[in-house]
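Novice:
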Amino acid sequence: PEFLSPPRAGLPHVFKPAGQVDVPPEELGGPVRKVLDDLLEKRNEGAVLFRGLPISTTEDYSRFVTNLGWKLMGYVGGSGIRHKQAEGAYTASIDPPEYGVEPHNEMAYKTHFP
1 PEFLSPPRAG LPHVFKPAGQ VDVPPEELGG PVRKVLDDLL EKRNEGAVLF RGLPISTTED
61 YSRFVTNLGW KLMGYVGGSG IRHKQAEGAY TASIDPPEYG VEPHNEMAYK THFP
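Take the sequence shown: its letter number 83 is residue 83 in our numbering, and every next letter is one higher.
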């Protein structure tokens, strides 16, 4: 997007495993949750980007995210059209790929966040 500032050094914090990760996505939930708890809650980092995890399909993502130990949020009450692809995974848009989805706060217009 043309109006975004360039990233700041260290934000987001990029987490990349030191070596090859050879476990099913659902087994990553516990270790990744520890990283998230440390970076987001204890150190108040604000954002983290994971690279190099064995997640390449919607089903892999669903198996991963459902094992983080958090209550997942459905897309209820939003103004966009979303289609559930798997547990915890929805389409971002039904628009053709030539239309971009600009950075935004999801459901920021709601008086009560779900």
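Here a beta-carbon is modelled for each residue, glycine too, at the ideal position from N, C-alpha and C. These figures come from a predicted structure and were not determined experimentally.
Which runs of the alpha helix (DSSP H) spanning at least 4 residues fall entirely within the stretch 19-81, listed in chain order?
Specialist: With a minimum length of 4 residues, the continuous alpha helix (DSSP H) runs that stay inside the stretch 19-81 are 29-36, 58-65.
Novice: Along the chain, where does the beta strand (DSSP E) that runs through V14 open and close?
Specialist: 13-15
Novice: Give the DSSP bridge partners of A92, in chain order.
Specialist: DSSP lists no partner for A92.
Novice: For the stretch 37-45 against the stretch 66-83, do three or more pairs of beta-carbon atoms, one drawn from each stretch, fall closer than 8 Å, so that the two count as touching?
Specialist: In short, these stretches do not touch, since the Cβ pair count stays below three.
Novice: Here's the rule I'm using: 16 or more other beta-carbon atoms within 10 Å means buried, otherwise exposed. How should L49 be labelled?
Specialist: exposed
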